[in-house]
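Residue numbering for the sequence shown follows my numbering, beginning at 203 and increasing consecutively.
In this text, a Cβ means the ideal position worked out from N, Cα and C, and glycines have one as well.
Let me begin by presenting the structure, written as structure tokens, before commenting on it.
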Amino acid sequence: MRVYSTLSKSKEEFIPTEAGRVSIYVCGPTVYGHVHIGNARTFLSFDVIRRYLSWKGFEVAYVQNITDIDDKIINRANEEGRPASEVAAEYAEAFVSAMHQLGVEDPTVRPRATEAIPQMIGMIERLVARGHAYVAHGDVYFSVRSFPAYGKLSGRDIDEMRSGARVALDERKKDPLDFALWKAAKPGEPHWPSPWGEGRPGWHIECSVMSEDELGLPLDIHGGGADLVFPHHENELAQSEAATGVQFARYWLHGGMLQIDAEKMSKSLGNFLLLKDILAKHEAPVVRLLMLQAHYRSPLDFSDARLDEAGHAYQRLENLARNLRWARSLPAEGAGAPAPEREAVVAQVRSAREKFEAEMDDDFNTAGALAAVFELARAANVFLSDHQSVFCADDREALGQAKEAVVELLGVLGIHIAEEAALDYPPECVALAARIAGYSGHDPAAAVDELLAARSAARAARDWELADAVRNGLSELGFVIEDTPQGARVVFG
Ligand code: AMP
Ligand code: ZN
């Protein structure tokens, strides 16, 4: 397996510290509002990376923190006149439930910053003792100059940064690039006791502490969105390596930004769409398909057109599920498809599996992996529609293999096409069947059977008006009737 690491700026062979085990730390959300779909993209990317590594047989320990103390949380709490802890608890809960809705698996551990304050104080004390940090008026700062490798992750040069950037002058800092490890409490802010007085931790230190506490160093993979490379990850790296003398993380993976009109989606720009609002209108697999059709490191433009495309792609998969279910119900008594065609399907299954794995092994290229699955789905659909009239047991076996591969590989990407769910007909089918086929039950699937039976009887009686009414009624609900030698069936239009 090869993964691109921001630290080496190249694709490297993936070799975890301990054979068979992988530790992953991904920076979690700051909980002061609902997550937007940009945030969701990053969490989804790492969900898939983690699922894939598990599927490959690694034992994965996946830690994602929750930043539940931060300026933004405090500001929001002040605006709303309630405690910061209440704001954080509300949005942490909303975050977890939105992730569940998107089908993102829970991390192995989800530590909260406010539950690790003593350990943070411990690390800051170590940094002070080792000469990497200094105290100034109740604040503690990391001394960037004390860590010669500072800048190695983001590829920045300290001197260039100093001259180029107009870094705000702050007389408490010895160097304008120094950053806070501990902040003295301001009136009205949440605070904890420390050797330097009441205060609260800086943002960067929490990840250094929680990752090491939960996983030990070095981390195999440290991840987050590309916007975290500098300063957040640069600072995490400096703190952790300065405090421990040990490598912090072997591979640094950074996700590309989700954009709208070529601009990064962010709370501060105001161009954001909340994940919960998108999921209220679109199914989770559709959103996952949309996001996974791009490489996780590339920027991804989000648009309604893309959502529609992903919706159609998902319908194609649902259609396949219907078709394969249909195939199982066919009497397998025919002469069978020509052997070379059947063997081609079996070969396609093998090559789709190989291609899927090769693409994912190449820096988790979900776009290529999905293409392999869609190719197989297309081949299975064509085979089925070409040969259903002569279907035999071997044909069924070949399609069964195709189905298993599609379901398994999509499952690795967290996309589930439940066959039963895929066959759900909307409740409107009941009313339609009641109106034109005299159906008196309440089950949409039975109603569709009734409609097809009524249509078949109407055609036999040359009652074209009724036959057309069935076709048109179902068409309005998004379904198409296909006539096959085994009878009529309904598929998504
Ligand atoms: P935050 O709560 O702002 O720390 O963000 C949580 C995660 O979302 C971080 O990993 C960010 O890098 C990521 N993120 C923020 N905006 C975007 C975006 N537009 N596209 C992709 N990831 C993002
Ligand atoms: Zn972090």
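Can you tell me whether residue i is helix, strand or coil according to DSSP?
{"i": "residue 623", "result": "In this prediction, residue 623 has a pLDDT of 46, which is less than 50 and means its spatial position is unreliable; what the coordinates show is noted afterwards. Note: residue 623 maps to helix in three-state DSSP."}
{"i": "residue 494", "result": "helix"}
{"i": "residue 288", "result": "helix"}
{"i": "residue 245", "result": "helix"}
{"i": "residue 686", "result": "strand"}
{"i": "residue 487", "result": "helix"}
{"i": "residue 446", "result": "helix"}
{"i": "residue 468", "result": "coil"}
{"i": "residue 692", "result": "strand"}
{"i": "residue 212", "result": "strand"}
{"i": "residue 310", "result": "coil"}
{"i": "residue 341", "result": "strand"}
{"i": "residue 205", "result": "strand"}
{"i": "residue 238", "result": "strand"}
{"i": "residue 513", "result": "helix"}
{"i": "residue 670", "result": "helix"}
{"i": "residue 679", "result": "coil"}
{"i": "residue 523", "result": "helix"}
{"i": "residue 532", "result": "coil"}
{"i": "residue 271", "result": "coil"}
{"i": "residue 475", "result": "coil"}
{"i": "residue 657", "result": "helix"}
{"i": "residue 335", "result": "strand"}
{"i": "residue 252", "result": "helix"}
{"i": "residue 401", "result": "strand"}
{"i": "residue 361", "result": "helix"}
{"i": "residue 506", "result": "helix"}
{"i": "residue 323", "result": "helix"}
{"i": "residue 294", "result": "helix"}
{"i": "residue 651", "result": "helix"}
{"i": "residue 300", "result": "helix"}
{"i": "residue 318", "result": "coil"}
{"i": "residue 276", "result": "helix"}
Going by alpha carbons, who is nearest to residue i out of the options?
{"i": "residue 670", "options": "641, 385, 270, 634", "result": "634"}
{"i": "residue 545", "options": "600, 532, 231", "result": "600"}
{"i": "residue 607", "options": "655, 654, 519, 665", "result": "519"}
{"i": "residue 502", "options": "541, 659, 427", "result": "427"}
{"i": "residue 214", "options": "657, 564, 598, 677", "result": "564"}
{"i": "residue 732", "options": "243, 223, 237", "result": "Past the boundaries of the shown model lies residue 732; the chain is included only from 203 to 695, so the question cannot be answered."}
{"i": "residue 431", "options": "335, 229, 324", "result": "229"}
{"i": "residue 537", "options": "523, 593, 512", "result": "593"}
{"i": "residue 398", "options": "337, 441, 453", "result": "337"}
{"i": "residue 496", "options": "476, 360, 566, 540", "result": "566"}
{"i": "residue 339", "options": "400, 363, 361", "result": "400"}
Identify the continuous beta strand (DSSP E) that holds residue i and give its terminal residues.
{"i": "residue 217", "result": "Unbroken run through residue 217: none, as it is neither H nor E."}
{"i": "residue 349", "result": "Premise fails: residue 349 is in no beta strand (DSSP E) and is neither H nor E."}
{"i": "residue 394", "result": "Neither: residue 394 is in no beta strand (DSSP E) and is coded neither H nor E."}
{"i": "residue 228", "result": "223-228"}
{"i": "residue 406", "result": "Taken as a continuous stretch (DSSP letters only), residue 406 belongs to no beta strand (DSSP E), being part of the alpha helix (DSSP H) at 405-417."}
{"i": "residue 353", "result": "Per DSSP, residue 353 belongs to no beta strand (DSSP E) and is neither H nor E."}
{"i": "residue 561", "result": "Unbroken run through residue 561 is the alpha helix (DSSP H), 541-563; no beta strand (DSSP E)."}
{"i": "residue 261", "result": "261-266"}
{"i": "residue 425", "result": "421-427"}
{"i": "residue 460", "result": "460-462"}
For residue i, report the span of its alpha helix (DSSP H) as first-last.
{"i": "residue 634", "result": "630-639"}
{"i": "residue 605", "result": "595-614"}
{"i": "residue 577", "result": "568-589"}
{"i": "residue 697", "result": "Residue 697 is absent from the model: the chain starts at 203 and stops at 695."}
{"i": "residue 451", "result": "Looking at the DSSP string, residue 451 is not in any alpha helix (DSSP H); the run it does join, the beta strand (DSSP E), is 451-457."}
{"i": "residue 305", "result": "Taken as a continuous stretch (DSSP letters only), residue 305 belongs to no alpha helix (DSSP H), as it is neither H nor E."}
{"i": "residue 233", "result": "Run containing residue 233: none; DSSP gives neither H nor E here."}
{"i": "residue 431", "result": "Element bounds for residue 431: n/a, residue is neither H nor E."}
Assuming residue i and residue j make a contact with CB atoms under 8 Å, what is their CB distance in whole Å?
{"i": "residue 240", "j": "residue 460", "result": "4 Å"}
{"i": "residue 383", "j": "residue 319", "result": "So it is not a contact: roughly 12 Å between Cβ atoms."}
{"i": "residue 420", "j": "residue 450", "result": "6 Å"}
{"i": "residue 246", "j": "residue 499", "result": "Residue 246 to residue 499, Cβ: 14 Å. No contact."}
{"i": "residue 614", "j": "residue 581", "result": "With a Cβ gap of about 20 Å, residue 614 and residue 581 do not count as contacting."}
{"i": "residue 345", "j": "residue 372", "result": "Actually they are not in contact, since the Cβ atoms of residue 345 and residue 372 sit about 14 Å apart, beyond 8 Å."}
{"i": "residue 454", "j": "residue 434", "result": "That belief does not hold up - the Cβ atoms of residue 454 and residue 434 are roughly 12 Å apart, past 8 Å."}
{"i": "residue 289", "j": "residue 279", "result": "5 Å"}
{"i": "residue 315", "j": "residue 276", "result": "Going by Cβ atoms, the distance from residue 315 to residue 276 rounds to 13 Å, so no, they are not a contact pair."}
{"i": "residue 654", "j": "residue 590", "result": "That belief does not hold up - the Cβ atoms of residue 654 and residue 590 are roughly 17 Å apart, past 8 Å."}
Measuring only from the beta carbon, is residue i closer than 7 Å to any heavy atom that is part of ligand 3?
{"i": "residue 350", "result": "Because ligand 3 does not appear in the structure shown, any question about it cannot be addressed here, the ligands present being ligand 1 and ligand 2."}
Could you name the residues whose beta carbon sits closer than 5 Å to any heavy atom belonging to ligand 2, keeping them in chain order? Residues flagged by the Cβ proximity filter: 229, 409.
Taking 6 Å as the limit, tell me which residues put their C-beta closer than that to any heavy atom of ligand 1, in chain order. Shown in chain order are the residues whose CB sits closer than 6 Å to a heavy atom of ligand 1: 229, 231, 232, 240, 241, 243, 244, 426, 427, 429, 430, 457, 459, 460, 466, 467, 468.
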